[in-house]
Amino acid sequence: MARRVTAGAPPMELRATQARNRRKDFFYSLLRTKAALAGLMILSLMILAAILAPLITHYDPIVISPPDRTLPPSRDHWLGTDGFGRDIYSRVVYGARVSLPVGLIAVSIAASIGAVLGLVAGYFGRYADAIIMRIIDIMLAFPSIMLALVVVAILGPSIRNVMIAVGISEIPRYTRLIRGQVLSARELLYVEAAKVIGVPTSKILVRHILPNVVSPVVVLGTLSVGSAILAAAGLSFLGLGAQPPRPEWGAMLADGRQFLSSHWWVATMPGLAIAITVLAINMFGDGLRDILDPRIRT
Amino acid sequence: MLQYIRTRVLLTIPVLLGVSLLTFSILHLIPGDPARILLGDMGGGAAAGDTSDEAYQNLREELGLNDPLPIQYANYLGNVAKGDFGRSFQTNREVRDSILEVLPYTLQLTVVGLGIAIVLGGILGIIAALNRNTWIDSITMVFSLFGLAMPSFWLGFILIQLFALRWTIFPSTGTEGINTLVLPSLTLGLVASGVVARLVRSTMLEVLGQEYVTTARSKGLSERIVILRHALRNALIPVVTIVGLQFGGLLSGAVIIETVFARRGIGRLAVEAVLRRDFPMVQGTILVAALGYVLVNLIVDLSYAWLDPRIKYR
Chain A
1 MARRVTAGAP
11 PMELRATQAR
21 NRRKDFFYSL
31 LRTKAALAGL
41 MILSLMILAA
51 ILAPLITHYD
61 PIVISPPDRT
71 LPPSRDHWLG
81 TDGFGRDIYS
91 RVVYGARVSL
101 PVGLIAVSIA
111 ASIGAVLGLV
121 AGYFGRYADA
131 IIMRIIDIML
141 AFPSIMLALV
151 VVAILGPSIR
161 NVMIAVGISE
171 IPRYTRLIRG
181 QVLSARELLY
191 VEAAKVIGVP
201 TSKILVRHIL
211 PNVVSPVVVL
221 GTLSVGSAIL
231 AAAGLSFLGL
241 GAQPPRPEWG
251 AMLADGRQFL
261 SSHWWVATMP
271 GLAIAITVLA
281 INMFGDGLRD
291 ILDPRIRT
Chain B
1001 MLQYIRTRVL
1011 LTIPVLLGVS
1021 LLTFSILHLI
1031 PGDPARILLG
1041 DMGGGAAAGD
1051 TSDEAYQNLR
1061 EELGLNDPLP
1071 IQYANYLGNV
1081 AKGDFGRSFQ
1091 TNREVRDSIL
1101 EVLPYTLQLT
1111 VVGLGIAIVL
1121 GGILGIIAAL
1131 NRNTWIDSIT
1141 MVFSLFGLAM
1151 PSFWLGFILI
1161 QLFALRWTIF
1171 PSTGTEGINT
1181 LVLPSLTLGL
1191 VASGVVARLV
1201 RSTMLEVLGQ
1211 EYVTTARSKG
1221 LSERIVILRH
1231 ALRNALIPVV
1241 TIVGLQFGGL
1251 LSGAVIIETV
1261 FARRGIGRLA
1271 VEAVLRRDFP
1281 MVQGTILVAA
1291 LGYVLVNLIV
1301 DLSYAWLDPR
1311 IKYR
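Here it is, written out as structure tokens:
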């Protein structure tokens, strides 16, 4: 490990503060790790709930029941019922089956396309780099939701198209990140060596360059699952994503609008579901970043 | 400096062309024929394949759909440059007029939202950095984590519930008057302030570790002067970039918030256009939003170079 070059021992007082700072930093990172663990636990519970949805709910999330309209939270309906008499708890749980995959798939689309573009741009440079980065510049010229609107305008409103739209609008971040990583990895000695002994380019890219890129991408990927879920819920809220009667958190919030003054729980419960999910993902992602890649900080 | 400005301005031209190419292609990437959509001829089996219809042919001619694509694009560019974005499929109004009518409302919303985000986020970030690793820091960072996780539309609903329905201090919907601006811009600003606080905290911490801060301290300057005169000034430079970055986010936020508060604005116009398949309106609103975003980023880049003499003018 690195040897520390010191010009004489620091004065007592300074050493004491340093020790105190170290201790503080340690507690701080412990707190962050705790937050990351808490995030992971909440997230695992949510994934489990999504998988086990039929077992842990007692009502159908779609069948309407007019006599049970807008019932407040109770023992029968833990989170109350909505304007169609549907159990909100069931809909929130089934909603996790929509939002969690949407976030994951959108990020997978963005990361895989971004990885290819970034690898090509970073490794081959020259024209490939110029062309790809100009396209990325153009994509970055659109506020992200506008790019998503373009995609939804072309493909039509549906939850599948929202996944594609959010995925596409996240491509630039990945391309830039991966390109940057590749640019520095390209100069590494063992990559040079592989080139010299005639390893095929595709193999260099996959074997020697890609592993260098993985950890920052995992970090960005985790954090952006949260923002992708938010973006997708926002588009559904606007009526551009999940169509009724599908239980989707953003769409459920939009349904709750007319009950804001009289039945607060209709909009509050799906809102809480989104906020807790994204918060859990971000806490987990922050911790992951500290562990995997201490260099990037936002 | 002049050289830098020139290069930076020239660099936006290909971006603008690309943006216009993308908005232009919307009309050509949608499944189906724009002229048919305009005629309201959605399904219609045999009729849909029937291209001999006179009205349909006239419309294709009028929309210029019979020209080769490059010519169509050139015409589109020419029209856009003249400020002619075509007519709405829905209302047959000039798209430009509809956009110009609502644009000031969106600008008000984003500018006030940005102001709230910068002031609130800036203060929180500085307080957090100065009290690093204490409970004050933790609380601020928890606040910013919540800001990042909170769906803006839900926050909007909460503010409506509290300030419009329970206490009736501010109106929940509408566009006229300064009162209607309060809740929407607060929603927008609160959500964005989380990100700003995080960024300001980290730049402030970085600056506080710089040698000139140590020097200032060792000169015996008071902590207040060190922070205000030496640290804050330099920490604020990167914050300018935040303005550029956040503006896109705020514009995106405005799209949703305008719907939440039933406010008129370019975002709501765009969303309704997408829902009603009013493609000239979609093209127009998205083009204007992208133009605005590019312009703001250009201004931010230029002012950044002006603020920070360390930046090399290539």
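Listed in order, the protein sequences are those of chains A and B. The letter at position 117 of the first sequence is residue 117 when you use our numbering, and the numbering goes up by one with no holes. Add 1000 to the 1-based position in the second sequence for our numbering, that's all there is to it. All residues carry an ideal CB built from backbone N, CA and C; glycine is no exception.
One Cα belongs to Lys1082(B), the other to Gly1249(B), and the distance between them is close to 29 Å. Taking a beta-carbon distance threshold of 8 Å, Gln1161(B) counts as an interface residue toward chain A. The region 1184–1201 of chain B and the region 1143–1155 of chain B touch, with no fewer than 3 CB-CB distances between them shorter than 8 Å.
For Thr1259(B), the enclosing alpha helix (DSSP H) stretches over residues Arg1233 to Val1260. In the structure shown, the three-state DSSP call for Asp1278(B) is coil. The residues Thr1140 and Ala1197, in chain order, have a CB closer than 6 Å to that of Leu1124(B) in the same chain once the five nearest residues on each side in sequence are set aside.
Taken through DSSP and simplified to helix, strand or coil, Thr1023(B) comes out as helix.
Asp87(A) sits in a strand when the DSSP states are folded into three classes. In terms of beta-carbon proximity, Met46(A) stays away from the interface with chain B, with every pair separated by 8 Å or more.
Only Arg134, Ile135, Asp137, Ile138, Met139, Leu140, Ala141, Phe142, Pro143 and Ser144 from the region 131–144 of chain A bring a Cβ to less than 9 Å from some Cβ of chain B. Here the C-alpha atom of Pro143(A) lies approximately 16 Å from the C-alpha atom of Leu1109(B). For a Cβ distance threshold of 9 Å, nothing in chain B lies close to Leu37(A): the least Cβ distance comes to about 15 Å.
The C-alpha of Ala1216(B) lies about 43 Å from the C-alpha of Leu1183(B). Residue pairing by DSSP places Arg1087(B) opposite Glu1094(B) in a beta bridge. Within the DSSP secondary-structure output, Thr81(A) pairs in a beta bridge with Asp87(A). Around the beta carbon of Ile131(A), a 10 Å sphere encloses fewer than 16 other beta carbons of the protein chains shown; the residue is thus reported as exposed. What Phe1153(B) touches in chain A, judged by beta-carbon distance under 7 Å, is Gly234, Phe237 and Leu253, going in chain order. Neighbourhood of Ser158(A) in chain B, by CB distance below 9 Å: empty, with the nearest CB roughly 12 Å away. Within 9 Å of the CB of Phe1146(B), the CB atoms of chain A belong to Ala275 and Leu279, in sequence order along the chain. It is roughly 8 Å from the alpha-carbon of Leu1165(B) to the alpha-carbon of Ser1172(B). Interface annotation, Ser1252(B): in contact with chain A, CB-CB separation under 8 Å. Every alpha helix (DSSP H) stretch that sits fully inside the region 148–192 of chain A and reaches 4 residues is listed by chain position as 159–186. With its beta carbon at least 8 Å from every one in chain B, Ala242(A) lies outside the interface. Beyond the five residues adjoining it in sequence on each side, Asp129(A) comes within less than 6 Å, by CB distance, of Ala121 in the same chain, given in chain order.
Three or more beta-carbon pairs separated by less than 8 Å are not found between the region 112–121 of chain A and the region 149–161 of chain A, which leaves the two stretches without contact.
Using a 10 angstroms sphere on the CB of His58(A), the tally of other CB atoms stays under 16, which defines it as exposed.
According to the DSSP assignment, Glu1206(B) belongs to the alpha helix (DSSP H) that extends over Asn1179 to Leu1208. Of the other Cβ atoms in all chains shown, 16 or more fall within 10 Å of the Cβ of Ser227(A); this residue is therefore buried.
Sequence-distant Cβ neighbours of Thr1012(B) in its own chain, meaning closer than 7 Å and more than five residues away, are Val1294 and Leu1298. Using a Cβ-Cβ cut-off of 8 Å, Leu1063(B) does not count as an interface residue toward chain A, since no Cβ of chain A sits closer than that to its own. Contact between Ser1020(B) and Val1080(B) holds, with the beta-carbon distance rounding to 6 Å and staying under 8 Å. Closer than 7 Å at the C-beta level to chain A, one finds these residues of the region 1291–1308 of chain B: Tyr1293 and Val1294.
With its beta carbon at least 8 Å from every one in chain A, Val1213(B) lies outside the interface. Under the 8 Å criterion on CB atoms, Met1204(B) is classed as non-interfacial with respect to chain A. When 8 Å is used as the limit between beta carbons, Val1095(B) is near no residue of chain A, the shortest such separation being about 14 Å. Secondary structure note for Trp1135(B): its alpha helix (DSSP H) is the uninterrupted segment Trp1135 to Ala1149.
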